[in-house]
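**Q** Questions regarding the structure given below will be posed in turn.
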Amino acid sequence: MAVATIDGTLLQVNPAFCTLLGYSPDDLLRLKVAEITHPDDRERTRDNFQAVAEGKSTVFHYEKRYLRRDGAVVWGLTTVAWLRDEAGRPTWCVALIQDITERIKAEEALRQSKSELIARQKDLDYLSYHDPLTGLPNRLLLQDRLQHALAKARRAGSEAALLFLDLDRFKNINDTLGHEVGDRILCEVAKRLRGLVRETDTLARFGGDEFIVLLEEIQEPKIAVRIARQVIDALATPIEVEQELFHLGGSIGISLFPHNGEDAETLLKCGEVAMYQAKEKGRNTCQFYTPDMNARTRELMLLENSLRLALAREQFVLHFQPQVDIQTGRILG
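So for the sequence shown, my numbering puts the first residue at 7; every next one is plus one.
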């Protein structure tokens, strides 16, 4: 408890208030209310005193910070009642102060913990939907955006295009120079590709050295070709890592909605098939998906599976065809 005049002079304090602020009664009575009030709360305290002087109020109930003698801050739930003389002028007030410092600290700790939890959740959400290396949307976020894009295209009766990009000869870089160099090259590729897509489109890292560009609401297929050629041109400039230049290219397969498929999985599969066809055509080019590609892809897949199976069963037999000098009969090779 404390008693003070309208000018903030302390007239009386009880032992509990002295203990709260770390002063003796005599030392505390030499101070004014403003001197034991935290700087950030002094203006509000002055406003309260002014309101009393102007007859606008006589009772206040609020939380404020007090300064202890050692400089520490304590919180007090302060209830102030003013008394007036016969002429109606405020004379002095009685303030009851309840120490709520621990409660305030607990609330602040709870808020901090909640903020950290929210920030951590945001980080987890970001990592769940973005590639940690390039910062691009990952396969999961791409699937989500692809679903939304196709639904939007169905409603509007518009078209969409999917560009399936695979870097040419990138595996050689990883195998010979290591993944650190490969990662730096992937980051540079992502940086270059970002500048080619509109805000309404999606650039994603599909995995490894594969990237997907989702073009929404295109008016005609040649727009997809134009973007594909821009991607190839962007990759034509060598990438410098540790003062060494790396020449890359890209093979791009293009699938169109709704012509090549009406769901995300089909469009991705068609784009991948077309990408492999682009590689067969000589790499560093783009290729639209056509239905006959499936037959060729299936043929290659069956051949690859048969070769793997034959190798596992040791069914290969090696034959040598000697080269013989007819005049001497000597084997040359």
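Glycine included, C-beta positions come from ideal geometry on N, C-alpha and C.
(1) Mind reading off the beta-carbon distance from L27 to L16? Whole number of angstroms is fine, and I expect it under 8 Å.
(2) Using only alpha-carbon positions, find the residue among E268, Y295, R200, T272 that is nearest to M281.
(3) Tell me the residue span of the alpha helix (DSSP H) that contains A59.
(4) Any contact of the stretch 69-83 with the stretch 100-111, i.e. 3+ C-beta pairs under 8 Å?
(5) Does DSSP put F23 in a helix, a strand or coil?
(6) With respect to the beta strand (DSSP E) encompassing K197, which residues constitute its N-terminal and C-terminal limits?
(7) Using a Cβ-Cβ cutoff of less than 7 Å, which residues in the same chain neighbour L139 once the five nearest sequence positions on both sides are dropped?
(8) Buried or exposed: which applies to V79, given that a residue is buried once 16 or more other Cβ atoms fall within 10 Å of its Cβ?
(9) Applying the criterion that 16 or more other CB atoms from any shown protein chain within 10 Å of the CB defines a buried residue, is V330 buried or exposed?
(10) Report the three-state DSSP secondary structure of F176 (helix, strand or coil).
(11) Is it buried or exposed, G77, if we count other Cβ atoms within 10 angstroms and call 16 or more buried?
(12) What residue range does the beta strand (DSSP E) around T208 cover?
(13) Please tell me whether L73 and I42 are closer than 7 Å, where the distance is taken between their beta carbons.
(14) Does the distance from the C-beta atom of V100 to that of V9 stay below 7 Å?
(15) Could you check where the alpha helix (DSSP H) with L102 kicks off and where it finishes?
(16) Mind checking who Q293 pairs with in its DSSP beta bridge?
(17) Please go through the stretch 211-240 and give each complete alpha helix (DSSP H) segment of 4 or more residues, from N-terminal end onward.
(18) In whole angstroms, what separates the C-alpha of G213 from that of G256?
(19) In this structure, what does DSSP give as the bridge partners for Q18?
(20) Assign I124 to buried or exposed, taking buried as 16 or more other Cβ atoms, counted over all protein chains shown, within 10 Å of its Cβ.
(21) Grouping DSSP H, G and I as helix and E and B as strand, with all else coil, what is K70?
(22) Are R211 and D137 touching if we call contact CB-CB under 7 Å?
(23) DSSP on K82, reduced to helix/strand/coil?
(24) Compare the Cα-Cα distances from A242 to each of I332, D174, I260 and report the closest residue.
(25) Between which two residues does the alpha helix (DSSP H) harbouring E92 extend?
(26) Since A166 and A159 should fall inside the 8 Å C-beta cutoff, what is the C-beta to C-beta distance between them, to a whole number of angstroms?
(27) Quick check on I245: does DSSP put it in helix, strand or coil?
(28) Give me, in chain order, the residues of the same chain whose beta-carbon lies closer than 6 Å to that of N54; leave out the 5 immediate sequence neighbours on both sides.
(29) Give the straight-line distance between the Cα atoms of L324 and L183, rounded to the nearest whole angstrom.
(30) Whole angstroms are fine: how far does the CA of L169 sit from the CA of I238?
(31) Could you say which of L262, L116, S119, L147 lies nearest to D131 if we only look at CA atoms?
(32) Measure the beta-carbon distance from A155 to E222 and round it to whole angstroms, keeping in mind my assumption that it falls under 8 Å.
(33) Would you call the stretch 302-319 and the stretch 287-294 touching, i.e. three or more CB-CB distances under 8 Å?
(34) CB A40 to CB R48, shorter than 7 Å?
(35) Does the beta-carbon distance from I258 to L171 come in below 7 Å?
(36) Where DSSP assigns a beta bridge to L168, which residues make up the other side?
**A** For this structure:
(1) Counting from one through the sequence shown, the residue named residue 27 turns up at place 21. Counting from one through the sequence shown, the residue named residue 16 turns up at place 10. Wrong, their Cβ atoms sit about 11 Å apart, outside the cutoff.
(2) Position 275 of the sequence shown holds residue 281. Cα-wise, what sits closest to M281 is Y295.
(3) Start at 1 with the first residue of the sequence shown, and residue 59 comes out as number 53. Here the alpha helix (DSSP H) through A59 covers 45-59.
(4) yes
(5) Walking along the sequence shown from the start, residue 23 turns up at place 17. Helix, per DSSP.
(6) Position 191 of the sequence shown, counting from 1, holds the residue named residue 197. That residue, K197, is in no beta strand (DSSP E); its alpha helix (DSSP H) goes 185-200.
(7) As a working note, residue 139 is residue 133 in the sequence shown. Only D189, L192, C193 meet the Cβ criterion.
(8) One-based indexing of the sequence shown puts residue 79 at position 73. That one is exposed.
(9) Reading the sequence shown from its first residue, position 324 is the one you call residue 330. So V330 counts as exposed.
(10) Here residue 176 is taken as the residue at index 170 of the sequence shown, counted from 1. In the structure shown, F176 sits in a helix (DSSP, three-state: H, G or I).
(11) Walking along the sequence shown from the start, residue 77 turns up at place 71. Under this definition G77 is an exposed residue.
(12) To locate residue 208, count along the sequence shown from 1; it is residue 202. Note, T208: beta strand (DSSP E), 208-213.
(13) Counting from one through the sequence shown, the residue named residue 73 turns up at place 67. Counting from one through the sequence shown, the residue named residue 42 turns up at place 36. It is a contact, given that the beta carbons lie within the stated cut-off.
(14) In the sequence shown, counting from the first residue as 1, residue 100 sits at position 94. In the sequence shown, counting from the first residue as 1, residue 9 sits at position 3. Yes, Cβ-Cβ distance for V100 and V9 is below 7 Å.
(15) Here residue 102 refers to the residue found at position 96 of the sequence shown. Per DSSP, L102 belongs to no alpha helix (DSSP H); it is in the beta strand (DSSP E), 96-105.
(16) Counting from 1 along the sequence shown, the entry for residue 293 is found at position 287. Looking at the DSSP assignment, Q293 forms a beta bridge with G259.
(17) none
(18) As a first step, residue 213 must be located in the sequence shown, where it is residue number 207. As a first step, residue 256 must be located in the sequence shown, where it is residue number 250. If you take the alpha carbons of G213 and G256, they lie about 15 Å apart.
(19) Residue 18 sits at position 12 when you count from the first residue of the sequence shown. The partner list for Q18 (beta bridge, DSSP) reads V9.
(20) Here the question's residue 124 lines up with position 118 in the sequence shown. Classification for I124: exposed.
(21) What you label residue 70 is simply residue 64 of the sequence shown in a count that begins at 1. Note: K70 maps to strand in three-state DSSP.
(22) Locating residue 211 in the sequence shown gives position 205, where the first residue counts as 1. Locating residue 137 in the sequence shown gives position 131, where the first residue counts as 1. Yes, the pair counts as a contact, with Cβ atoms nearer than the cut-off.
(23) Sequence index remark: in the sequence shown, residue 82 carries index 76 (1-based). Checking the displayed sequence, the identity of residue 82 turns out to be Gly instead of Lys. In this structure, G82 counts as strand in the three-state DSSP scheme.
(24) Residue 242 sits at position 236 when you count from the first residue of the sequence shown. When each option's Cα is compared against that of A242, the closest is D174.
(25) Position 86 of the sequence shown, counting from 1, holds the residue named residue 92. Neither: E92 is in no alpha helix (DSSP H) and is coded neither H nor E.
(26) One-based indexing of the sequence shown puts residue 166 at position 160. One-based indexing of the sequence shown puts residue 159 at position 153. Sure, about 5 Å apart at Cβ, within 8 Å.
(27) Here residue 245 is taken as the residue at index 239 of the sequence shown, counted from 1. Looking at I245 - three-state DSSP - the assignment turns out to be strand.
(28) Taking the first residue of the sequence shown as 1, we reach residue 54 at position 48. The answer, listed in chain order, is F66.
(29) Walking along the sequence shown from the start, residue 324 turns up at place 318. Walking along the sequence shown from the start, residue 183 turns up at place 177. Their Cα atoms are separated by approximately 34 Å.
(30) Taking the sequence shown and counting its residues from 1, the one referred to as residue 238 is at position 232. Taking the sequence shown and counting its residues from 1, the one referred to as residue 169 is at position 163. Approximately 12 Å between the Cα atoms of the pair.
(31) The residue labelled residue 131 in the question sits at position 125 within the sequence shown. For the residues L262, L116, S119, L147, the minimum Cα distance to D131 belongs to L147.
(32) Within the sequence shown, numbered from 1, the residue matching residue 155 stands at position 149. Within the sequence shown, numbered from 1, the residue matching residue 222 stands at position 216. Contact holds; Cβ gap of about 5 Å.
(33) no
(34) Taking the first residue of the sequence shown as 1, we reach residue 40 at position 34. Taking the first residue of the sequence shown as 1, we reach residue 48 at position 42. Yes, the Cβ-Cβ distance between A40 and R48 is below 7 Å.
(35) Against the sequence shown, residue 258 aligns to sequence position 252. Against the sequence shown, residue 171 aligns to sequence position 165. In this structure, L171 lies closer than 7 Å to I258 by Cβ.
(36) Position 162 of the sequence shown, counting from 1, holds the residue named residue 168. L220, S261.
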